[in-house]
Amino acid sequence: MDLPTSLNYTGSKAVIKYKRYNVRTTSTNSGRAGSTFRFVLPNGLLNLSSFELCFDLKITGLDDNQATIDALNAQLTALQAQLSTLQTQLAALTAGTPEHTAKQAEITAKQAQITAKQDEINDADDRENYSNVKLPFGHKLIREIKVMVNNQQVNAKCGDYDLLYTALFKATASNAYARNKQYEHAQEMIANTDDFGVVNPDAVNEGDTSKSASYVVSDFLGIFRSGDKSIIDCSLWGQVELEFTINDKYCLAQYAKGTGSVDNIKFELSNVEGYIEKVVEINPVYNKLVDMMLSSRKEPLLFCYQNFVSQISSTKSARLQIRSQCIDAVVCFPLSPNYLNTIATYNPETRINAPRYQFNSGRTISRFDTSRTKNCSLQMTINGDKYPDVPINNALHVASITTKALFNGSMYSQGILFDGLFDDRNDFLRENFIWFQSLCGGEEGYVSKIMTGYDTRGRSAEIIIDHDCIVSGGSLFVGALTTSCLSLDPVSKEMVVIE
Numbered sequence: 004m005d006l007p008t009s010l011n012y013t014g015s016k017a018v019i020k021y022k023r024y025n026v027r028t029t030s031t032n033s034g035r036a037g038s039t040f041r042f043v044l045p046n047g048l049l050n051l052s053s054f055e056l057c058f059d060l061k062i063t064g065l066d067d068n069q070a071t072i073d074a075l076n077a078q079l080t081a082l083q084a085q086l087s088t089l090q091t092q093l094a095a096l097t098a099g100t101p102e103h104t105a106k107q108a109e110i111t112a113k114q115a116q117i118t119a120k121q122d123e124i125n126d127a128d129d130r131e132n133y134s135n136v137k138l139p140f141g142h143k144l145i146r147e148i149k150v151m152v153n154n155q156q157v158n159a160k161c162g163d164y165d166l167l168y169t170a171l172f173k174a175t176a177s178n179a180y181a182r183n184k185q186y187e188h189a190q191e192m193i194a195n196t197d198d199f200g201v202v203n204p205d206a207v208n209e210g211d212t213s214k215s216a217s218y219v220v221s222d223f224l225g226i227f228r229s230g231d232k233s234i235i236d237c238s239l240w241g242q243v244e245l246e247f248t249i250n251d252k253y254c255l256a257q258y259a260k261g262t263g264s265v266d267n268i269k270f271e272l273s274n275v276e277g278y279i280e281k282v283v284e285i286n287p288v289y290n291k292l293v294d295m296m297l298s299s300r301k302e303p304l305l306f307c308y309q310n311f312v313s314q315i316s317s318t319k320s321a322r323l324q325i326r327s328q329c330i331d332a333v334v335c336f337p338l339s340p341n342y343l344n345t346i347a348t349y350n351p352e353t354r355i356n357a358p359r360y361q362f363n364s365g366r367t368i369s370r371f372d373t374s375r376t377k378n379c380s381l382q383m384t385i386n387g388d389k390y391p392d393v394p395i396n397n398a399l400h401v402a403s404i405t406t407k408a409l410f411n412g413s414m415y416s417q418g419i420l421f422d423g424l425f426d427d428r429n430d431f432l433r434e435n436f437i438w439f440q441s442l443c444g445g446e447e448g449y450v451s452k453i454m455t456g457y458d459t460r461g462r463s464a465e466i467i468i469d470h471d472c473i474v475s476g477g478s479l480f481v482g483a484l485t486t487s488c489l490s491l492d493p494v495s496k497e498m499v500v501i502e
């Protein structure tokens, strides 16, 4: 919140104590793909950055090959019944007659069929044909987040939140950070394992048809980010409400071995609840200073926060309409033709990510031909301004541009762009091809409260991404990270959203 210097100084010296509060959903606390969960946050001084979404996840419908075994046993039972009938018929015939000899031949053939069927059952009982999934990274389960303040929606449109968050996580998180986020099951971002072992064992056990786990998901994009901590005073800005829409089955990394099937896999969430830190003790001077400021201040009070908007395009000239006083960055990455396919599987022998999160540039490394990584022709245009000045030709340059934009060449720069099955540049090109183009002169506006990003001057601008870096049938995700503001008139107490 943008306060006068005196109030900022006094507030910084005040003793602040927080308490973690439980927040229940407004209706049901269980659901499945497509379900929506809504929370009304408590009144008071809230640390939005601390919000955690907690739930239990159960994945069912995994194939342990039991259906095949049951079908084979049914076939074996039928064959045995047929054999019994033949033996009864044989007993009624006279030995040595042509009829007896022919019936005996039928019995011998039927016994051979039974032996072969038993062999099939024995092979199937090894359960080497099965399906499995990795427990997904928590943010992948969220398709969309809506935030309302004082009954006004304050976030822009992004119906593929999981894609944007996954891309930013790949570009900024370290391997160690992913492993430390076990409560969000972030391990699946860097390995083909979860709490229950590898996703592709040689065989499974009878009854391996489900998986269950608890989740604590935090560090959300949007209004949850405003400076060091996103502290909002509900007595000034009004009631805060959150709405989470759950993703579809394509967010799961599904694997099928042999004749195993993923058709019946589904997931459910239960015991959905939230937690948030609320200020329970603060220097009384704070309230007095706020009252003094509101009684004497003429200019609007501002609350700056992160916002984002996105669009997916299947053309070679992707476009995103946007209007903002501060576009901090644009992020782009290619999508697989199967990014919306709910039964798409992946091969853990060659990939880490589900098809939805395989950001494949269509380029590969060759020891004999460096041109295999070139001709991606990647360039962004905003109102005639081009970034960079000439199109990016070599796809490998994108990794350098992204890392420098995020970490400014720091020795502490990190990311898992090159983390994958082989930990090499091919992993970047076929799974983690992410272009992050910074447009701000320093820190993002919502952090520094100084709007140095691209200003569309109140008009709708079009971000155009020209490219040749998607595989056949694929698409391009274009997202913009912006700084928006809540503006409160201290006289009329009217609040508006400034994009």
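Per the numbering used here, residue 4 is the first one in the sequence shown, and the count goes up by one each step. A virtual CB, placed ideally from N, CA and C, is assigned to each residue, including glycine.
Counting only the Cα atoms, E123 lies some 43 angstroms from I145. Sorting T175, T97 and K377 by C-alpha distance to the C-alpha of N411 places T175 at the top. If you compare the alpha carbons of F227, P340, K137 and P204 with that of E187, the shortest gap goes to K137. For the alpha helix (DSSP H) assignment, the region 356-385 encloses no uninterrupted run of at least 4 residues.
Three or more Cβ pairs closer than 8 angstroms define a contact, and the region 142-156 falls short of that threshold against the region 93-100. Counting only runs of 3 or more residues that sit fully inside the region 443-484, the beta strand (DSSP E) segments are 464-469, in chain order.
Partner residues in the beta bridge of M151, as assigned by DSSP, are Q156 and E244. Here T28 is buried. Its C-beta has 16 or more other C-beta atoms within 10 Å. Within the model, the alpha-carbon separation for L420 versus Q328 is close to 31 angstroms. In the structure shown, T88 adopts helical secondary structure according to DSSP, grouped into three states. Distance from the Cα of D165 is smallest, within the candidate group P303, I148, N154 and Q156, for I148. For S403, the enclosing alpha helix (DSSP H) begins and ends at H400 to F410. Put simply, of F425, L442 and T486 the residue whose alpha carbon is nearest the alpha carbon of E434 is F425.
Under the three-state reduction of DSSP, Y168 is assigned to helix. Straight-line spacing of the CA atoms in G448 and T459 works out to 15 angstroms. When the beta-carbon positions are compared, D222 and A36 stay at least 8 angstroms from each other.
Per DSSP, A119 is one residue of the alpha helix (DSSP H) stretching across P101 to A127. By the C-beta density criterion, D211 is buried, having at least 16 other C-beta atoms within 10 angstroms. For the set N46, G477 and I249, the Cα lying nearest the Cα of N32 is the one of I249. With respect to N50, A127 sits apart: the two C-beta atoms are not nearer than 8 angstroms. Scanning its chain for C-beta atoms nearer than 6 angstroms, with the 5 sequence neighbours on each side dropped, one finds around T169 the residues Y360, in chain order.
Nearest in C-alpha terms to F172, of all of Y349, C488 and Q190, is Q190. The alpha helix (DSSP H) runs of length 4 or more contained entirely in the region 198-226 do not exist; there are none.
Excluding sequence positions up to five before and after N378, its CB lies within less than 8 angstroms of the CB of N396 and D471, all in the same chain and listed in chain order.
Approximately 5 angstroms separates the beta-carbon atoms of P340 and G477; this is inside 8 angstroms, confirming the contact.
Judged by their CB atoms, S215 and K61 are nearer to each other than the 8 angstroms cut-off.
With a contact defined as Cβ atoms closer than 8 angstroms, K281 and P45 qualify at about 6 angstroms.
Considering only Y218, V243, I279 and N203, the residue with the shortest C-alpha distance to A259 is N203.
A483 and G445 have their alpha carbons spaced roughly 17 angstroms apart. The alpha carbon of C57 has as its nearest neighbour, out of I346, K113, V275 and S451, the alpha carbon of V275. Only exposed fits E497, as fewer than 16 other CB atoms lie within 10 angstroms of its CB. When rounded, the separation of the alpha-carbon atoms in N310 and D427 is 33 angstroms. Within the DSSP bridge table, the entry for K269 names T63 as partners. In the displayed model, S134 falls within a strand according to three-state DSSP.
Of the candidates A206, K184, W438 and D205, the residue whose Cα lies closest to the Cα of D198 is K184. The beta-carbon separation of E502 and S487, rounded to 5 angstroms, stays under the 8 angstroms limit for a contact.
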